[in-house]
Amino acid sequence: MRRNIINTYLVGTALCILPFTAAQGQTTSEPAAEESGVSDGVIVVTAQKRSERLTDVPMSITAITGDDLVRSGISEPSQLGQAVPGFSAQQSAFGTPILSIRGIGYNDNSVTAGSTVTAYIDQVALPYSVMARGAIMDLQRVEVLKGPQGTLFGMNSTGGAINFVAARPTSSFEAGVDLSVGRFNEVDFSAFISGPLTDTVTARAAIQVERSSGWQYSTTRPNDRLGDKDFINGRLLIDWQASDRLSFQLGLSAWHDGSENQAAQFVQFSPAVPVTPLTQFVADAMNASPVAGDNPREADWDPNTDLTRGDDFRQVSLRADWELTDDITLTSITAYSDFRGDSPIDIDGTAFNAFLVQEHDTKLTTFSQELRFAGTSGPVDWMIGGNYQDEIANESTRTNAQGTNSQIGPFIFTPLGQIANQSIDTISVFGSLDFHVTDQLTLQGSARYASQNRDFSGCIRDAGAGAVGVSAAQAFSFLATIFSGTPTTIPAGGCVTLDATTFAPGLANSSLDEDNLSWRLGADYRFNDNAMIYANVTRGYKSGSYALVPGILSSQFTPVTQESVLAFEAGTRLSTIDNRFSIEFAAFYNDYEDKQLKGIVLTPVFGPLPQLVNIPESEVYGFEVNLAARPVEGLRLSTGITYVASEVLTDPVAPAEPRGPFGGLTSYVGESFPNTPEWQIVSDAEYEFPIGAGGLRGFVGGSLTYRSSSPAAFGNNPVFQLPSSTLVDLRAGIEAADGHWTAQVWGRNVTNEHYWTNVTHLTDYVSRLTGAPATYGISVGYRY
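So this is what it looks like as structure tokens:
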């Protein structure tokens, strides 16, 4: 039945072409687009690792220029959903960024979890979503590629990829500055300077600073605020044209985030395990905690608690391009990235110390080397290359949790530590061929073979004694003695995870070796420069992973294995000769095996806890429509509509049995993926008009973002339903005739919509995270 629906979409795609083709009559050549990314309104992209017009790329892609990002107030990846149909962002209970395209994301609490949407800056991988925080600064454009992109961008891009393209150094002097001030004492400042250093060397430096005061207030302490922002970002690019055929690009970037983590809103008390006399104080405190009201600013957290992040990122990259002949280029990209994070967070939504992550330390280092040859041989464009990547992903926490599941026998313990260290080596080879059968018909094929070795060591560990009860070492020594029948004493600070066979405490060690072959076959047909159709079939993979879980037994550290997807997509791009009207349509069907989704695992002592599971069979299908129009002089209209249907076809198997959020056995079959709304709409309108005789231009505009309701967890429990949301942003301003300066007033979420981005159940509570409230301000910019 669903395949019939897709067939209907494909027929509709073909039918859409007829009126556009008839209206245009004959091919009209576009002006040659420059490497700057935009020429005469035509966007040039590098989605296929070569420069080509956006309208010529045979896949679903959204490209946004750097100027449009500034105008829309988009300064970090989580805000791309304001402009990209089908894109969404949220954060996990532990504050980990989760990026999704067409409902495909990776919802895990671990910072070290690889995403299904991989980000790149100038084709250098940012393999962990937290690394992308500072990518949107002084950009030429950002390209969002939808659907599996494994053949050119590697594993962990089954949802898609984001390619951030930095503005390059210029051959003449340029400079610019932007300043915004707004509600909650917001002050955002960015600037760049660019120009030649010698006849062959150019450079560009950029800086970004964001400051604001807390927007959340405590339910129980109304004068207590949370949510200060303190972010600074910098980038230096140096280009050297060593000869007519040899060039180098050096990139240095760094950022520091000292902002405060968001607190949650308390929804209800739901004990993980039955209350006992020893844990009655927990039930009393939680039942007395006020439930959050209908106000996005309201939340609660432990008093006198510092929730300031200490995140630092550094990256250096070197690209070399050597034109071996007029038709063959050798490209080398070498990069090293380093992220160090400390991210304390209070996620229970109460002033009671139910679940406070006092320390959340992360170390991520990545070294990568890519070498590729690209060229043209008659009607064939080809590329062949290889990539090596070495990663260290270490994560540890110290959690102070007073819960019903903090009891072992006669003992209560509160602090508990966790360790999850991974070492990952990945090697891959890839290639692609585009065969231009005629001037209108092109056939494409690409493939990538990847082999990955992942070594893991982890445990939960003693973190000392808390305000209540004994240390975890004492409590788990009692448990180990009972399980093993041998008196056991765990030292202070030691691992309390028990071996699943011997019940001896210690570090759990494991390894995961996987390989796969991603491939893509496609064809596109161009009726003329303004009308094309395309179809692709793709096999993609996401690597397996270990999660940061409270593993009482070593068997709980069993990894999720790699997921695979067989994806079908067909679409069209159409525009009128004068580019005043355009339409893009794509239909897609994704058949998943072993999809990695967040389920519930019933653990000893701790009860039901969220954990990644492999779903043996599932599917995602839908369509996208993007419309753009300039019906009259000065008026720009655009709308993007995305429909996504997802369904679990078979349940996970033991020990990852299908369970609801509170641990009860159920079936996931027939349920949609969590955090996957069926409908998403992104619309924007702007009208520009002259002011007086001096050449000034005024503009007014606004955007609308709609997401339909969706579940935040499996189990069909209404408590975990994310309601639909409609966000409205407005802007108005003036601009100089030569474009050198601009000023605008703006409002975001002007209706003060109270919407939720996540709902979770950990230990004894259900809590939710909300989106930001209404904000407003003024921005000015100057370009020299």
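All letters in the sequence shown, in the order written, are residues -25 to -1, 1 to 759 by mature numbering (1 follows the signal peptide of the UniProt record, and there is no 0). Every residue, glycine too, gets a C-beta built ideally from N, C-alpha and C. Because the structure is a prediction, the values reported are computed rather than measured.
Ignore the nearest five residues each way along the sequence and tell me which others in Q115's own chain have a CB closer than 6 Å to its CB. G12, G41, V140, A142
Please look up how many angstroms separate the CB atoms of R272 and P748, rounded, as I've assumed it's under 8 Å. 5 Å
Can you have a look at P698 and say buried or exposed, based on whether 16 or more other CB atoms are within 10 angstroms of its CB? exposed
How long is the line joining the alpha carbons of V242 and A687, rounded to whole angstroms? V242 and A687: Cα-Cα distance of roughly 14 Å.
Whole-angstrom distance between R605 and D659, CA atom to CA atom: 12 Å
In terms of DSSP beta bridges, what is I96 paired with? V99, F139
Three or more C-beta pairs below 8 Å linking the region 239 to 256 and the region 364 to 376: no
Where R46 falls, given that 16 or more other Cβ within 10 Å makes a residue buried: buried
Report yes if the C-beta distance between E544 and Y516 is below 8 Å; otherwise report no. no
Just to confirm the assignment, what range does the alpha helix (DSSP H) spanning G80 have? Premise fails: G80 is in no alpha helix (DSSP H) and is neither H nor E.
Please work out which residues of its chain come closer than 6 Å, Cβ to Cβ, to A178, disregarding the five sequence neighbours upstream and downstream, and give them in chain order. P144, L172, I213
Under 6 Å Cβ to Cβ from E369, same chain only, skipping five residues before and after it: list those, please. Here residue 369 is Asn; the residue named in the question, Glu, does not match the sequence. Closer than 6 Å at the Cβ level, and outside the excluded window around N369, lie K338, N396.
In this structure, how does DSSP classify V623 when only helix, strand and coil are distinguished? Three-state DSSP puts V623 in a strand.
Check whether the Cβ atoms of V720 and D704 sit closer than 8 Å, and answer yes or no. no
For a quick check, are the C-beta atoms of M358 and S307 less than 8 Å apart? no
C-alpha distance - T625 paired with L640, whole-angstrom precision: 15 Å
Using DSSP with H/G/I as helix, E/B as strand and the rest coil, what is Q54? Residue state for Q54 is assigned as helix, using DSSP reduced to three classes.
Do Y757 and G157 have their C-beta atoms closer together than 8 Å? no
How long is the line joining the alpha carbons of V162 and R436, rounded to whole angstroms? 42 Å
Hey, would you say G597 sits closer than 8 Å to V619, going by beta carbons? yes
For T456, I'd like the list of residues in its chain whose CB is within less than 6 Å of its CB, leaving aside the five on either flank, ordered along the chain. P462, T463
Taking D713 as the reference, give the member of L702, G676, L671 with the closest Cα. L671
Looking at the strands, I want to know which residues DSSP matches up with L541. R514, D566
In this structure, does DSSP put D43 in helix, strand or coil? helix
Closest residue to A310 among Y643, A100, G468 (Cα-Cα distance): Distance check between A310 and each of Y643, A100, G468 places A100 closest, using alpha-carbon atoms only.
Please go through the region 651 to 704 and give each complete beta strand (DSSP E) segment of 3 or more residues, from N-terminal end onward. 654 to 666, 671 to 682
Which residue from F405, S432, G361 puts its Cα closest to that of T393? It is Gln, not Thr, that sits at residue 393 in the sequence shown. Per the Cα distances, S432.
Going by DSSP in three states, T91 sits in which element: helix, strand or coil? coil
Secondary structure at M34, three-state DSSP: helix, strand or coil? Residue state, collapsed to three classes: coil.
May I ask you to verify whether the region 199 to 209 touches the region 272 to 289, counting CB pairs closer than 8 Å and requiring at least 3? Cβ pair count under 8 Å is three or more, so yes.
Would the region 570 to 577 count as touching the region 586 to 594 if we require 3 or more Cβ pairs under 8 Å? At 8 Å Cβ cutoff, the stretches touch.
Please classify H335 as buried or exposed, where buried requires at least 16 other C-beta atoms within 10 Å of its C-beta. Under this definition H335 is a buried residue.
Are the Cβ atoms of A239 and R634 separated by less than 8 Å? no
Using the Cα positions of E653 and L221, report the straight-line distance between them to the nearest angstrom. In a straight line, the C-alpha of E653 is about 49 Å away from that of L221.
According to DSSP, is N727 part of a helix, a strand, or is it coil? coil
Reducing DSSP to helix, strand and coil, say where A395 ends up. strand
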